[in-house]
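Enquirer: Sharing a structure here in structure tokens format.
In the numbering used here, the protein residues as written are 404 to 777.
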């Protein structure tokens, strides 16, 4: 069983899907591991460190040759897989709803695409969930990036020259990233409030010491949406939420938006008029900017200033913490494959529940039900 890891080709991608730790673990299962030279440098992992762990380092062509399983952060293009075994597995993030052409190409080439974003949100798959591990880091980094652009201190400071008031931070969307953003802003000393369309998140917000801001006169979602995400709300709720946000956002110094709906563009949460109501010097971090953004006028990887407010957003927020992001991503991949490792067969054999959830292509066809439903 040959596992191959290529250097990430996507612009700005500094993460890598393997670490010395997981190289050793895969070898312990009986697999061989090949890594393209320089693949880990963006995450501060040297070729020597991977080689010492037991990996074979070489060119892209040598790495991919006869590979049974290819691991990636972002799925490689078909040309990069030339030389892999027919029917090889590729476990990576595919962004399949927006990359239908890539998924079709994998099917036509006969590769088995395993989309790590489609990992089901069930207890036994928690250690395999790349979205959670990467979102956790992204929520943390979003607050740090906003703090870096904010021209004032976060915590209250009492000095001989007078008191510096604590920053007011509002988090919109209380999933994994939002919860980490709340926790990080609290640790930095801000006064934190948060909102979500799922009323069940009130207790989570309060448990972190933040103030929940919710529409009270219109029903929201009582529990979790599909896979732990929110779903689209009624027009009545959207109007009520917009009014509430408008009154609250004008008083905030920092706003972190994190809302995503799988398979759709990120919902618009903040309009230009709402930005105009904020104080000059305020900062908004739009975490889903690469998926269309929650904030009107946000641009990925640029600082946009509107009405005296800075709007920030990275196309790859977790990638700004490449070393930790790679370590967690690589562990997710190992936990996924090792959980199904058949010692007699010398390879992983997926079960139906998780296999059917993550498998996009098989036998020359697109087989995933979630894609078929689009």
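The C-beta atom is built at its ideal place from N, Cα and C for all residues, glycine as well.
In the region 569-599, which residue ranges form an unbroken beta strand (DSSP E) of at least 3 residues, counting only runs that do not cross its ends?
Expert: 571-575, 594-598
Enquirer: What's the C-alpha gap between residue 437 and residue 751?
Expert: 18 Å
Enquirer: Just to confirm before moving on: does the CB-CB distance between residue 781 and residue 647 stay below 7 Å?
Expert: Not covered by the structure: residue 781. The range shown for the chain is 404 to 777.
Enquirer: Could you please give the first and the last residue of the uninterrupted alpha helix (DSSP H) stretch that includes residue 466?
Expert: 463-467
Enquirer: Between the C-alpha atoms of residue 660 and residue 745, what's the straight-line distance to the nearest angstrom?
Expert: 43 Å
Enquirer: How many angstroms separate the CA atom of residue 558 from the CA atom of residue 589?
Expert: 9 Å
Enquirer: Please go through the same chain and pick out, in chain order, the residues whose beta-carbon is closer than 7 Å to the beta-carbon of residue 762, but skip the five residues on each side of it.
Expert: 515, 517, 770, 771
Enquirer: Kindly indicate the opening and closing residues of the beta strand (DSSP E) around residue 518.
Expert: 515-518
Enquirer: Could you round the C-beta distance between residue 388 and residue 549 to whole angstroms and report it? I think they count as a contact, below 8 Å.
Expert: This structure does not reach residue 388, given that the chain is present from 404 up to 777, and the question cannot be answered.
Enquirer: List the residues that DSSP assigns as beta-bridge partners of residue 435.
Expert: 405
Enquirer: Please state whether DSSP places residue 494 in a helix, a strand or coil.
Expert: strand
Enquirer: Just to confirm the assignment, what range does the beta strand (DSSP E) spanning residue 655 have?
Expert: Run containing residue 655: none; DSSP gives neither H nor E here.
Enquirer: Going by other Cβ atoms of all chains shown within 10 Å of its Cβ, with 16 needed for buried, is residue 422 buried or exposed?
Expert: buried
Enquirer: Pull up the distance between the alpha-carbon of residue 409 and that of residue 712, whole angstroms please.
Expert: 40 Å
Enquirer: With respect to the alpha helix (DSSP H) encompassing residue 451, which residues constitute its N-terminal and C-terminal limits?
Expert: 450-456
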